[in-house]
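For the sequence shown, the residue numbers in the numbering used here are 13 to 383. The beta-carbon is built from N, C-alpha and C at its ideal position, and this holds for glycine as well.
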Amino acid sequence: MFYAAQGGGVSTYLAAKANWLAQRSRVTHSIVAPARYNHADLHFVRVPSISIPGNASYRMPLSPAIAASVLRRLQPDLIEVGDPYQSAWAALRIKNETDIPVIAFYHSDLPQLAGQRFGTGAQALATRYLLHLYRQCDLVLAPSEIMVRRLQAMGLKRVSHQPLGVDTRVFSPRHRDPQLRAQLGLASDSRLLVYAGRFTREKKLPLLIQAVERLGRPYHLILIGGGGEQLPPSPHFTCLPFQAGSARLARLIASCDLLVHAGDSETFGLVVLEAMACGLPVLGVAAGGVRELVDADTGLLVPPDNVTLLAAGIDALFQRDLPALGVNARRKMVERYDWDIIVSQLMTRYAGLLASHQRAELEAGAAYATE
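This is the structure:
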């Protein structure tokens with residue numbers, strides 16, 4: 013359900029995995045999602061769906077039964093589910109019928125989001141729901157160590173850390189465009205801050221805007237994306253629409269000076285990787301998955317929900333050697349987070365799970381034969 017029409021981390025991850033497999037493997041990788049569009053370059057299977065009120069990015073399958081019928085027709089050897097809703101229950105139906113392994117990827121921290129919007133009772137209910145669902149899966153993958161610990165604290169045992177990655181060839185400093193300031197009508201000495209992603213409540217964009225307004229000139233914020241939250245107009249930021257195509261997004265990010273991210277509930281923070289691969293330092297908050305990506309050699313972390321410290325952190329980074337921080341950030345992405353490295357890790361997890369599953373079937377067959 014998180015396979016959005018307008019980008020997003022899940023869509024990026026699935027496309028990267030599919031393309032990597034198409035180039036290097038005979039494995040057939042199918043994306044089954046309730047989206048309204050098809051991708052000619054991916055093995056994409058659309059599930060009949062309805063729009064979600066208040067969220068134009070995502071759609072909901074009409075029912076788990078319909079999604080299960082699509083999976084049944086594909087006859088997969090392994091299923092990875094990317095959301096804890098109808099898609100997950102459809103996958104578990106197939107698992108119960110055929111006993112194939114099911115992996116869940118914890119892309120969104122449902123209990124925390126429920127707690128932020130509806131209170132502690134909703135958070136407790138969401139936790140019990142996830143525990144019931146994920147205990148039926150063979151493995152749960154989480155993109156950050158903090159999410160691994162959170163899932164383990166719920167009582168889940170089969171949890172592994174699996175970070176996401178970035179295309180370091182597309183997201184690269186070589187795409188920097190020195191004409192961007194002039195194209196946006198900004199002064200040549202503007203200090204360009206950038207955020208890219210959905211404009212939703214958990215991203216804390218009003219907090220970020222307040223920090224930039226407090227700093228004043230020459231700081232200017234570029235907001236790339238869209239979503240449900242309407243932002244008040246201000247001369248201190250420029251909104252740009254969602255960029256179709258990674259190359260266009262890479263050009264914009266690489267042409268700025270610093271990525272700023274005020275959100276404190278990221279399970280990972282894929283845009284942080286994209287900015288660092290473009291050679292940008294990062295100013296983030298010491299919460300969620302972002303705190304595991306940024307260190308003193310690549311940027312700065314400040315406490316969440318504090319406009320004063322957010323503004324001070326931005327200003328402090330501009331007193332440091334930004335180009336050197338950017339070189340460190342780029343090197344870290346190439347050495348640790350390139351998709352070639354990350355998808356290879358993921359394939360090792362798939363192979364290990366399939367091998368252990370097949371071994372268990374053989375042992376069960378042998379035990380049955382000797383009885």
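Using the Cβ count rule (16 or more neighbours within 10 Å means buried), how would you classify residue i?
{"i": "S5", "result": "A question about residue 5 goes unanswered here, because the residues of the chain that appear run from 13 up to 383."}
{"i": "I354", "result": "buried"}
{"i": "H232", "result": "buried"}
{"i": "L243", "result": "exposed"}
{"i": "P245", "result": "exposed"}
{"i": "V283", "result": "buried"}
{"i": "D179", "result": "buried"}
{"i": "Q174", "result": "buried"}
{"i": "T279", "result": "buried"}
{"i": "Y210", "result": "Checking the sequence, you will find Arg at residue 210 rather than Tyr. By the neighbour-count rule (16 or more Cβ atoms within 10 Å), R210 is buried."}
{"i": "S277", "result": "buried"}
{"i": "E109", "result": "exposed"}
In three-state terms, what does DSSP make of residue i?
{"i": "A299", "result": "coil"}
{"i": "F117", "result": "strand"}
{"i": "D352", "result": "helix"}
{"i": "G133", "result": "helix"}
{"i": "L125", "result": "helix"}
{"i": "S258", "result": "helix"}
{"i": "T310", "result": "coil"}
{"i": "S23", "result": "helix"}
{"i": "Y97", "result": "coil"}
{"i": "I112", "result": "coil"}
{"i": "R162", "result": "helix"}
{"i": "T250", "result": "strand"}
{"i": "G237", "result": "strand"}
{"i": "V72", "result": "Reading the sequence as shown, one finds Met at residue 72 and not Val. If DSSP states are grouped into helix, strand and coil, M72 belongs with the strands."}
{"i": "A274", "result": "coil"}
{"i": "S61", "result": "strand"}
{"i": "S184", "result": "coil"}
{"i": "G167", "result": "coil"}
{"i": "V39", "result": "coil"}
{"i": "A324", "result": "helix"}
{"i": "S200", "result": "coil"}
{"i": "A208", "result": "strand"}
Answer yes or no: do residue i and residue j have a C-beta to C-beta separation smaller than 8 Å?
{"i": "V319", "j": "H273", "result": "no"}
{"i": "I91", "j": "I78", "result": "no"}
{"i": "S176", "j": "T250", "result": "The sequence given here places Leu at residue 176; Ser does not occur at that position. No, Cβ-Cβ distance for L176 and T250 is not below 8 Å."}
{"i": "L86", "j": "S23", "result": "no"}
{"i": "V152", "j": "R140", "result": "no"}
{"i": "S61", "j": "P73", "result": "yes"}
{"i": "V306", "j": "G291", "result": "no"}
{"i": "L252", "j": "L205", "result": "no"}
{"i": "A47", "j": "R84", "result": "no"}
{"i": "G300", "j": "V314", "result": "no"}
{"i": "L366", "j": "D89", "result": "yes"}
{"i": "P230", "j": "A194", "result": "no"}
{"i": "L168", "j": "L143", "result": "yes"}
{"i": "Y97", "j": "M13", "result": "yes"}
{"i": "S156", "j": "E304", "result": "yes"}
{"i": "V39", "j": "V57", "result": "no"}
{"i": "L33", "j": "A100", "result": "no"}
{"i": "P185", "j": "D150", "result": "no"}
{"i": "A208", "j": "L261", "result": "yes"}
Tell me which residues share the same chain as residue i and place their Cβ nearer than 8 Å to its Cβ, disregarding the 5 neighbours each side in the sequence.
{"i": "V259", "result": "Sequence inspection shows Ala at residue 259; the Val mentioned does not correspond to that position. Result list for A259: V182, H187, in chain order."}
{"i": "L337", "result": "P293, D309, T310, G311, L329"}
{"i": "L219", "result": "A274, D317, V319, L322"}
{"i": "R371", "result": "none"}
By Cβ distance below 7 Å, which residues in the same chain neighbour residue i in space, the five residues on each side in sequence not counted?
{"i": "L54", "result": "A27, A30, I43"}
{"i": "M288", "result": "V294, T310, A341, R342, K344, M345"}
{"i": "A323", "result": "A223, R226, L227"}
{"i": "P247", "result": "none"}
{"i": "Y25", "result": "L176"}
{"i": "Y362", "result": "L90"}
Once the 5 residues before and after residue i are set aside, which same chain residues still bring their CB inside 6 Å of it?
{"i": "L104", "result": "Q148"}
{"i": "S202", "result": "R193, P230, H232"}
{"i": "D95", "result": "M13, F14"}
{"i": "G21", "result": "L282"}
Hey, is the region 263-273 in contact with the region 120-128, meaning 3+ C-beta pairs nearer than 8 Å?
With a cut-off of 8 Å, the region 120-128 and the region 263-273 do not count as touching, because too few Cβ pairs lie within range.
Report yes or no: do the region 112-121 and the region 153-164 share at least 3 C-beta pairs separated by less than 8 Å?
Contact between the region 112-121 and the region 153-164 is present, because at least three Cβ pairs lie under 8 Å.
Please determine if the region 236-245 and the region 339-352 are in contact, where contact requires at least 3 C-beta pairs separated by less than 8 Å.
Here the region 236-245 makes no contact with the region 339-352; the two share fewer than three CB pairs at distances below 8 Å.
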